[in-house]
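J.:
Following this line, the structure appears as structure tokens:
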């Protein structure tokens, strides 16, 4: 006799059984079973969750000051529309106005950079002027690192400092003022901080006007529009933007822009800064074209409270010749207010596909209420075991359905399968006319010809399982349902949950 195989360790056997169970459960099919639980508290939770989900998808409250205006979320978020973001945009700017410093009148050609106008325009409000610079040698600025010296040996000839103003000559010379000395450089002399003159141009700058012409185009919908509504030629000569009285005039006062950005004009004019003019084109193309209008907003773009990067300034020079031979220039360090015009927006038009997708998403999300209530029933209710017993059923199909075709057919058609026939194939069972027992009230037909009973899904499940077991010989007939499982003998039923 062959030697008996040694038994598997207990741990390995447990793992093997667990693996078999998982593999068997993987091929199970699950189908929903509807059970009505008459519990008002649970029903209240279920309806409230559904209501909150519907409110999220359907109803939204948007506040304007202290008043609330209610709109449908399909209108607010345009979920029923096909949309396009980032319109093609063209911007033209033009500044007008005059100002004066201590000894000079300044016009647009002098304080606006660049002069042609575009999405970015700089308005000079303060300048530091270094006049009459010529090419030569002079002391380096003390602002340059390691420029101070005591002897010529402290200065290396030919050394170039990228933060400086020129190439060092190797000499240590007295500074422009005081007793200090710095290394001599070959550069435009005198260097910037030697004899700078300060001019403030911001006295009348708040009254400067800025024209911002903007045209947008949405290529997906072939829609174009501009921010100037009037067709009169002299309209722009007499209007100024006002949100209430004249919202379609694109001419803004510089003081109004700075005020709307929440800044102090005098402080901003001295240190400089960057202000953004944001034009928002949100257009519902299902409505009239007149409903698509620009919305303006203003805010400061540079970091106001960061000393290292706040403010705005730049340098430029004006060149000329003295006596027709010596090239001379005036170096200007300008502080100003830079205006950045930023355009963005979104256009939408009705489309069937996003409408269907968003409606399906909303309806699917309502099922979260059922999931939450099932979790409450299975976890927190007093009779959660009874609910679990009523909710989950297991139906086993025969292992050899090919040899039991009546059972398989009954499962497919949802009918009661006939019992095994006691007649031969030549003599099928029949009831002759006028013979057999009288079928009075309450009498039962023979099982072979008994019509299918009308029953609930749970009763049908038990009936099919019982018949399967009788045919397969797996167990005797199931006795009458107990009081716990029968809704007819339990008048309260699941209403006790």
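Residue numbers (this note's numbering): 778 to 1274.
The C-beta atom is built at its ideal place from N, Cα and C for all residues, glycine as well.
The structure presented is a predicted model; accordingly, all values stated were derived computationally and were not measured.
1) Where does residue 1099 fall in DSSP's three states?
2) Rounding to the nearest angstrom, what Cα-Cα distance links residue 952 and residue 936 in this structure?
3) Report the three-state DSSP secondary structure of residue 805 (helix, strand or coil).
4) My understanding is that residue 1077 touches residue 1052, with C-beta atoms under 8 Å, so please give their C-beta distance in whole angstroms.
5) If we count Cβ pairs, one from each stretch, closer than 8 Å, do we get three or more for the segment 1011–1027 versus the segment 886–906?
6) So, for residue 967: in the same chain, excluding its five sequence neighbours on each side, which residues have a beta-carbon less than 6 Å away from its beta-carbon?
7) Considering only their Cβ atoms, is the gap separating residue 996 from residue 1032 smaller than 8 Å?
8) Let me check one thing: in DSSP terms, what residues is residue 1121 bridge-paired to?
9) Whole angstroms is fine: what's the gap from residue 1063's alpha carbon to residue 1127's?
10) Under the rule that 16 or more other beta-carbon atoms within 10 Å means buried, what is residue 1108, buried or exposed?
11) For residue 1017, report the span of its alpha helix (DSSP H) as first-last.
12) Does DSSP put residue 921 in a helix, a strand or coil?
13) Note the first and the last residue of the continuous alpha helix (DSSP H) segment covering residue 994.
14) Take the Cβ of residue 1093 as the centre, count every other Cβ of all protein chains shown within 10 Å, and call the residue buried at 16 or more, exposed below.
15) Would you check if there are 3 or more beta carbon pairs closer than 8 Å linking the segment 1081–1097 to the segment 820–833?
16) Can you tell me whether residue 1169 is buried or exposed, with buried defined as 16 or more other CB within 10 angstroms of its CB?
17) What is the DSSP secondary structure of residue 1037, reduced to helix, strand or coil?
18) I believe residue 834 touches residue 1139 by the beta-carbon criterion, under 8 Å. Please report the beta-carbon distance rounded to the nearest angstrom.
19) On the premise that residue 1004 lies in contact with residue 1014, defined as a C-beta separation below 8 Å, what is that separation, rounded to the nearest angstrom?
20) Count the CB pairs spanning the segment 1146–1154 and the segment 1116–1135 that are closer than 8 Å, and state whether there are at least three.
T.: Inspection of the coordinates gives the following:
1) strand
2) 19 Å
3) coil
4) 6 Å
5) no
6) 915
7) no
8) 1057
9) 7 Å
10) buried
11) From DSSP, residue 1017 is part of no alpha helix (DSSP H); its letter is neither H nor E.
12) coil
13) That residue, residue 994, is in no alpha helix (DSSP H); its beta strand (DSSP E) goes 986–995.
14) exposed
15) no
16) exposed
17) helix
18) 4 Å
19) No, residue 1014 and residue 1004 are not in contact; Cβ-Cβ is about 17 Å, not under 8 Å.
20) no
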